[in-house]
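Q:
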Amino acid sequence: MQIHPLISDLRLALKNRARIVLVPTMGNLHAGHLALMTQARTHGDTVVASIFVNRLQFGPSDDFERYPRTFQDDCDQLAAAGVDLLFAPNEAELYPEPQEYYIEPPQIQHQLDGEFRPGHFRGVATVVLKLFNIVQPQVALFGKKDYQQLLVLRNMTRQMALPITIVGGETVRADDGLALSSRNAYLSATERAEAPRLQRVLQRISSAVLAGEREFAQLEREAAAELDQHGWKTDYVAIRRQADLQVPRPPTEQPLVVLAASRLGAARLIDNVEINAGTGR
Ligand code: PAF
Numbered sequence: 091m092q093i094h095p096l097i098s099d100l101r102l103a104l105k106n107r108a109r110i111v112l113v114p115t116m117g118n119l120h121a122g123h124l125a126l127m128t129q130a131r132t133h134g135d136t137v138v139a140s141i142f143v144n145r146l147q148f149g150p151s152d153d154f155e156r157y158p159r160t161f162q163d164d165c166d167q168l169a170a171a172g173v174d175l176l177f178a179p180n181e182a183e184l185y186p187e188p189q190e191y192y193i194e195p196p197q198i199q200h201q202l203d204g205e206f207r208p209g210h211f212r213g214v215a216t217v218v219l220k221l222f223n224i225v226q227p228q229v230a231l232f233g234k235k236d237y238q239q240l241l242v243l244r245n246m247t248r249q250m251a252l253p254i255t256i257v258g259g260e261t262v263r264a265d266d267g268l269a270l271s272s273r274n275a276y277l278s279a280t281e282r283a284e285a286p287r288l289q290r291v292l293q294r295i296s297s298a299v300l301a302g303e304r305e306f307a308q309l310e311r312e313a314a315a316e317l318d319q320h321g322w323k324t325d326y327v328a329i330r331r332q333a334d335l336q337v338p339r340p341p342t343e344q345p346l347v348v349l350a351a352s353r354l355g356a357a358r359l360i361d362n363v364e365i366n367a368g369t370g371r
C-alpha cells in the first residue's frame with residue numbers, strides 16, 4: 091500500500107488510475123471501516139482510504155484532542171485489507187491557511203445530531219468536499235451508522251453536481267449488538283456491558299412501528315426514559331423518514347428510520363435502525 095501525506099504526491103500517484111473509490115476515515119479503524127474497504131473493492135479498481143482527524147467538525151467541548159490516533163496499526167489493517175493508496179495528510183497540508191470557505195448544509199445541519207453538535211455537519215461537508223477534490227473518486231463510501239452524515243453528503247454531492255456515486259455501508263456490530271465505533275474505547279467495562287441497550291431500544295421501536303404502533307412521540311419518550319434510567323444522558327431518540335430525516339406524518343408508508351444519540355460515561359454513542367418491512371427489523 092502506498093502512503094501519501096502530500097496532496098501533490100497523491101495526485102501524481104492517481105494520475106493514470108482507473109475507477110477510483112474513496113473511503114474517508116478519521117483512523118482508529120475497526121471492523122466497520124474494514125468492511126467498507128472490502129465493499130469499496132467491488133465498486134472500482136483503485137481503492138483509496140484517507141485518515142484525517144478533522145478539527146473543523148469538532149466543537150470546543152468535543153473530543154478532538156483525545157480522539158484515538160493509532161496510525162501504524164491503521165496502516166497495517168488497511169494494507170491487509172488490500173487498500174491501494176492511503177492519503178494521510180497533516181493539518182498543515184489540508185488546511186495550509188485558515189479555512190474561510192465552507193460548505194453550509196441546509197436546515198438539516200441544525201437538527202438531530204446537529205442540534206447537539208453545532209457546526210459539525212458544516213465541518214464534515216467541507217472536509218469531504220476537499221477530499222473529493224483532491225482524490226477525484228468516481229465512488230465514495232460512508233458507513234450508515236452516521237446516517238445523518240450520509241444523507242448530508244449524498245445531498246451535497248447531488249446538489250453540487252459532483253460526478254461521484256455515494257454508497258452507504260451497513261453498520262457492523264459486536265456480537266451483543268453494539269455498533270462498532272472508535273468512541274467505544276471511552277467506555278469502562280461496566281459501561282461496555284450496558285452499551286448494547288441503545289441498539290435494543292431502537293430495535294424495540296422498530297418492531298413496534300412494524301406492528302402498527304403510530305404514537306411515535308410516545309415511543310421516543312419511553313426509549314429515552316429507559317436509557318436515562320440506566321445511567322445514560324440522552325440527546326435524542328427520533329423516528330424520521332429515511333429519505334430526508336424529517337418528521338413523518340402518520341399514517342405513512344414511507345420508509346422510516348429510528349435514530350438516537352446518548353451519552354454513557356465519557357462516550358457519546360449514536361446508532362440507528364432502518365424500519366423496513368420484510369427485513370424482520
Ligand atoms: O465519518 C467520519 O469518520 C468523518 O466524519 C469523515 C467522513 C471521515 C469526515 O471527517
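The numbering of the sequence shown is the working numbering, which starts it at 91 and goes up by one.
Ideal placement from N, C-alpha and C gives every residue a C-beta, glycine not left out.
At a threshold of 7 Å, does Asn-245 count as lining ligand 1 (C-beta to nearest heavy atom)?
A: By 1-based counting over the sequence shown, the position of residue 245 is 155. Not so, every heavy atom of ligand 1 lies at least 7 Å from the Cβ.
Q: Is the Cβ-Cβ distance between Met-246 and Leu-175 less than 8 Å?
A: For the purposes of this step, residue 246 is taken as residue 156 along the sequence shown, with counting starting at 1. For the purposes of this step, residue 175 is taken as residue 85 along the sequence shown, with counting starting at 1. In this structure, Leu-175 does not lie closer than 8 Å to Met-246 by Cβ.
Q: Comparing alpha-carbon positions, which option in Asp-318, Glu-205, Asn-118, Arg-131 lies nearest Gln-162?
A: To locate residue 162, count along the sequence shown from 1; it is residue 72. Gln-162 has its Cα closest to that of Asn-118, out of Asp-318, Glu-205, Asn-118, Arg-131.
Q: Using a threshold of 7 Å, is the CB atom of Pro-399 nearer than that to any non-hydrogen atom of ligand 1?
A: With the chain running from 91 to 371 in the structure shown, residue 399 is simply not present.
Q: Only counting the same chain, and skipping five residues up and downstream in sequence, which positions put a Cβ closer than 7 Å to that of Glu-194?
A: Within the sequence shown, residue 194 is the residue found at index 104, counting from 1. Contacts found: Arg-212.
Q: By the 10 Å Cβ neighbour count, where 16 or more other Cβ atoms means buried, how is Pro-227 classified, buried or exposed?
A: The residue labelled residue 227 in the question sits at position 137 within the sequence shown. Buried, since its Cβ has 16 or more Cβ neighbours within 10 Å.
Q: For a test of your reading of the model: does the CB of Asn-362 fall under 7 Å from any non-hydrogen atom of ligand 1? Yes or no.
A: Taking the sequence shown and counting its residues from 1, one reaches residue 362 at position 272. No - ligand 1 has no heavy atom lying nearer than 7 Å to the Cβ of Asn-362.
Q: Comparing alpha-carbon positions, which option in Arg-145, Val-225, Phe-142, Ala-170 lies nearest Asn-106?
A: Taking the sequence shown and counting its residues from 1, the one referred to as residue 106 is at position 16. When each option's Cα is compared against that of Asn-106, the closest is Val-225.
Q: From the DSSP output, in three-state form, read off Phe-177 for me.
A: Residue numbering aside, residue 177 sits at position 87 when the sequence shown is read from its first letter. Strand, per DSSP.
Q: Beta carbon of Gln-147: closer than 7 Å to some heavy atom of ligand 1?
A: In the sequence shown, counting from the first residue as 1, residue 147 sits at position 57. It does: the Cβ of Gln-147 is within 7 Å (strictly closer) of some heavy atom of ligand 1.
Q: To the nearest angstrom, how far is the alpha carbon of Ile-110 from that of Arg-353?
A: Working through the sequence shown from its first residue, we reach residue 110 at position 20. Working through the sequence shown from its first residue, we reach residue 353 at position 263. Their backbone Cα atoms lie some 37 Å apart in a straight line.
Q: Quick check on Ser-272: does DSSP put it in helix, strand or coil?
A: Numbered from its first residue, the sequence shown carries residue 272 at position 182. Note: Ser-272 maps to helix in three-state DSSP.
Q: What number of angstroms, rounded off, separates the C-alpha of Leu-359 from the C-alpha of Ala-121?
A: Counting from 1 along the sequence shown, the entry for residue 359 is found at position 269. Counting from 1 along the sequence shown, the entry for residue 121 is found at position 31. In a straight line, the C-alpha of Leu-359 is about 17 Å away from that of Ala-121.
Q: Return the Cβ separation of Gln-129 and Leu-231 in integer angstroms, given the expectation that the two are a contact with Cβ distance under 8 Å.
A: The residue you call residue 129 lines up with position 39 of the sequence shown. The residue you call residue 231 lines up with position 141 of the sequence shown. Sure, about 6 Å apart at Cβ, within 8 Å.
Q: Using C-beta distances below 6 Å, list every residue in its chain close to Val-262, excluding the 5 sequence neighbours before and after it, in chain order.
A: Counting from one through the sequence shown, the residue named residue 262 turns up at place 172. Correct list, in chain order: Ala-121, Gly-122, Ala-125, Leu-270.
Q: Which of helix, strand or coil does DSSP assign to Arg-371?
A: Position 281 of the sequence shown, counting from 1, holds the residue named residue 371. Summary for Arg-371: the model assigns pLDDT 39, below 50, so the residue's position carries little reliability; its value from the coordinates is reported in the next sentence. Coil at Arg-371, not helix or strand.
Q: Can the beta-carbon of Leu-146 be found closer than 8 Å to that of Thr-216?
A: On the sequence shown, position 56 is the one that residue 146 refers to. On the sequence shown, position 126 is the one that residue 216 refers to. Yes.
Q: Buried or exposed: which applies to Ala-357, given that a residue is buried once 16 or more other Cβ atoms fall within 10 Å of its Cβ?
A: Position 267 of the sequence shown, counted from the first residue, corresponds to residue 357. Ala-357 comes out buried.
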